[in-house]
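Report on the structure given below.
In structure tokens, the structure reads:
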């Protein structure tokens, strides 16, 4: 876990440097009139991240990081990919089919096999939510 | 100074049918989600914020306050029945609550938890109502330089108390401020870090970031950990004697010192940004145990243990509003989310709120008191129902929560950009949780980022960029010194003492 801590802190330090040296100069205009340059706050934040990450590398936290196991990480990534695919499908397919599919996928992923609960998650909750949002709140969904 | 007519009007607004309905719905929802381990009131508040767009300010804030208060009652239910706290602060409640269930007295424990929760919550609400106005008057005397110094001090305290380490907490603060700077610069309206995405010109949608970082990241973690769909069963014995099913007045009165101690701990700790209800609950428990005639009975089903913890963790809810309303500084995830809700309603929380929106403030106070009463009523009738709820399959709960997050993020930003930001924030939140960086601190800093930039700009104008000008602002100077002390104490001294203690324990324990 100490190795993970050090590697991620190093990654954070490098990310902070990338923001300070690349992202801010290319994405934020340098305006030297007025009270605060638009770059000031982002630069302060990026420098703070770099400095604090360096401090953390030299003086790691007393409590070691409790990172998830590789299996847990893979499962979390799988969930993220599933949700991302659903999000990509949303504007093309629409809310009802995507939310029903996503609900079913998540239930099956978590080991739920009982038919009544699966039917509830697919056929009752997404349409119920759709009704509440579009009819009650008068807002639109994809 | 607020006139009596404003106070009366504010309290009266609470009884408008719409406001009553939303506060009641908030309490109901809060107890429901509090009873389900893994969801909790904070995630629910994050998801609910976009749905409050269509509400009037008092209804919206009352709804969210109801969720928060209901959640602290609901969190005790699974802690007592299945030794699994529904909210982190109910972990202390399980210490004596679950043994009471094993002794065949689950309903007695649940009722005591409910009565204690209401007692503590009501006490802290009364303290809030009493001190908020004078404190706001004091806060109004603070200028931009003092506000800037106070924000730096608050960030350091929150970073130290809520994080694994001060360094990680401060990194979370810096991340929050960095992401808050995305969008148009407030002075020149020049776009910052939008990477050509003009939908981000108004900044990252506040609700989407909150939903992603707080709710979705936790859902990812829980879904990844959950392998089976089921939940444990809960059973109430119908042949249970009446005295094991209820709490008599004599029993309640016998816990009065534990209740008052808990209420005081919770109120004092709740007023400190970052201290948290979990710390209050455990401190109160330890104090009640120490003061008891029979401390060995604690942990074995002593009703005073339940009273002490629930009184404390609920008292935090009201006191949490003290820094939020008087200074505009949130000290916890729930108050940070309330700031988000205020901002969405076009209201800037802080001491000026008492002058500009006095009627809303007193309406809010009325909503808090009413929410306590509703919490009591709904809790009394709902205890058995919520006990059944905790048997609902986790898969269904998390799948529903995930869809609600998608809907909320979409509504918050008015388009798919909200969902995309939510996903990005979810990844960031998951990484932060996994590596011990406090997500709540990140959220607080993100919400306060624009105000921080404004106060920095004002400070530079007033001091002309000269640090020597701080000599004319002794309060600000004192706050800067306190900040350094806090960072030294929590960042260097406390870890050094912990390492010495660990080394002593290693040398003294037998091999």
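Protein chains in written order, with the UniProt record's numbering: chain C, 1 to 142; chain P, 1 to 511. Where a beta carbon is used, it is the ideal one built from N, C-alpha and C, also for glycine.
With 16 as the cutoff for other CB atoms within 10 Å, does residue i come out buried or exposed?
i: residue 28 (chain C); result: buried
i: residue 125 (chain P); result: buried
i: residue 175 (chain P); result: buried
i: residue 247 (chain P); result: buried
i: residue 141 (chain P); result: exposed
i: residue 453 (chain P); result: buried
i: residue 289 (chain P); result: buried
i: residue 488 (chain P); result: exposed
i: residue 294 (chain P); result: exposed
i: residue 102 (chain P); result: exposed
i: residue 185 (chain P); result: buried
i: residue 112 (chain C); result: buried
i: residue 348 (chain P); result: exposed
i: residue 533 (chain P); result: Only positions 1 to 511 of chain P appear in this structure, which leaves residue 533 (chain P) out of reach.
i: residue 3 (chain C); result: exposed
i: residue 189 (chain P); result: exposed
i: residue 115 (chain P); result: buried
i: residue 467 (chain P); result: exposed
i: residue 362 (chain P); result: buried
What does a CB cutoff of less than 7 angstroms around residue i pick up in its chain, not counting 5 residues either side in sequence?
i: residue 433 (chain P); result: 217, 221, 439
i: residue 571 (chain P); result: It is not possible to answer for residue 571 (chain P), since the shown part of chain P is limited to 1 through 511.
i: residue 271 (chain P); result: 319, 322, 323
Helix, strand or coil for residue i, going by three-state DSSP, please let me know.
i: residue 184 (chain P); result: strand
i: residue 142 (chain C); result: coil
i: residue 185 (chain C); result: With chain C running from 1 to 142 in the structure shown, residue 185 (chain C) is simply not present.
i: residue 388 (chain P); result: helix
i: residue 330 (chain P); result: coil
i: residue 246 (chain P); result: coil
i: residue 126 (chain C); result: helix
i: residue 273 (chain P); result: coil
i: residue 191 (chain P); result: strand
i: residue 201 (chain P); result: coil
i: residue 50 (chain P); result: helix
i: residue 125 (chain P); result: helix
i: residue 254 (chain P); result: helix
i: residue 114 (chain C); result: coil
i: residue 56 (chain C); result: helix
i: residue 512 (chain P); result: It is not possible to answer for residue 512 (chain P), since the shown part of chain P is limited to 1 through 511.
i: residue 39 (chain C); result: coil
Quick test of your reading: residue i and residue j, contact by CB under 8 angstroms. State the CB separation rounded to the nearest angstrom.
i: residue 514 (chain P); j: residue 324 (chain P); result: Residue 514 (chain P) lies beyond the stretch modelled for chain P, which goes from 1 to 511, so this question has no answer here.
i: residue 155 (chain P); j: residue 445 (chain P); result: 7 angstroms
i: residue 14 (chain P); j: residue 370 (chain P); result: 5 angstroms
i: residue 120 (chain P); j: residue 263 (chain P); result: 4 angstroms
i: residue 76 (chain P); j: residue 113 (chain P); result: 4 angstroms
i: residue 70 (chain P); j: residue 213 (chain P); result: Incorrect: roughly 23 angstroms between the Cβ atoms, too far for contact.
i: residue 9 (chain C); j: residue 43 (chain C); result: That pair is no contact at about 21 angstroms.
i: residue 79 (chain C); j: residue 223 (chain P); result: 5 angstroms
i: residue 561 (chain P); j: residue 367 (chain P); result: Within the shown structure, residues of chain P are numbered from 1 to 511, placing residue 561 (chain P) beyond reach of any answer.
i: residue 122 (chain P); j: residue 505 (chain P); result: With 8 angstroms as the limit, residue 122 (chain P) and residue 505 (chain P) do not qualify as a contact, their Cβ atoms being about 42 angstroms apart.
i: residue 478 (chain P); j: residue 470 (chain P); result: So it is not a contact: roughly 10 angstroms between Cβ atoms.
i: residue 27 (chain P); j: residue 419 (chain P); result: Not confirmed; about 29 angstroms, so no contact.
i: residue 244 (chain P); j: residue 105 (chain P); result: 5 angstroms
In angstroms with no decimal places, state the Cα-to-Cα distance between residue i and residue j.
i: residue 410 (chain P); j: residue 119 (chain C); result: 25 angstroms
i: residue 480 (chain P); j: residue 153 (chain P); result: 7 angstroms
i: residue 88 (chain C); j: residue 405 (chain P); result: 15 angstroms
i: residue 48 (chain C); j: residue 59 (chain C); result: 16 angstroms
i: residue 496 (chain P); j: residue 461 (chain P); result: 40 angstroms
i: residue 398 (chain P); j: residue 485 (chain P); result: 42 angstroms
i: residue 67 (chain P); j: residue 68 (chain C); result: 30 angstroms
i: residue 41 (chain C); j: residue 392 (chain P); result: 47 angstroms
i: residue 87 (chain P); j: residue 21 (chain C); result: 42 angstroms
i: residue 195 (chain P); j: residue 173 (chain P); result: 22 angstroms
i: residue 30 (chain C); j: residue 24 (chain C); result: 9 angstroms
i: residue 365 (chain P); j: residue 344 (chain P); result: 20 angstroms
Can you find the residues in the same chain that come closer than 6 angstroms, C-beta to C-beta, to residue i, ignoring five residues on each side of it along the sequence?
i: residue 302 (chain P); result: 96
i: residue 265 (chain P); result: 280, 283, 284, 312
i: residue 89 (chain P); result: 277, 278, 281, 313
i: residue 193 (chain P); result: 182
i: residue 100 (chain C); result: 122, 126
i: residue 342 (chain P); result: 349
i: residue 376 (chain P); result: 118
With a CB to CB cut of under 8 angstroms and the five nearest residues on each side skipped, what residues in its chain are close to residue i?
i: residue 209 (chain P); result: 179, 421, 422, 425, 443, 446
i: residue 151 (chain P); result: 329, 448, 451, 452, 455
i: residue 415 (chain P); result: 199
i: residue 197 (chain P); result: 417
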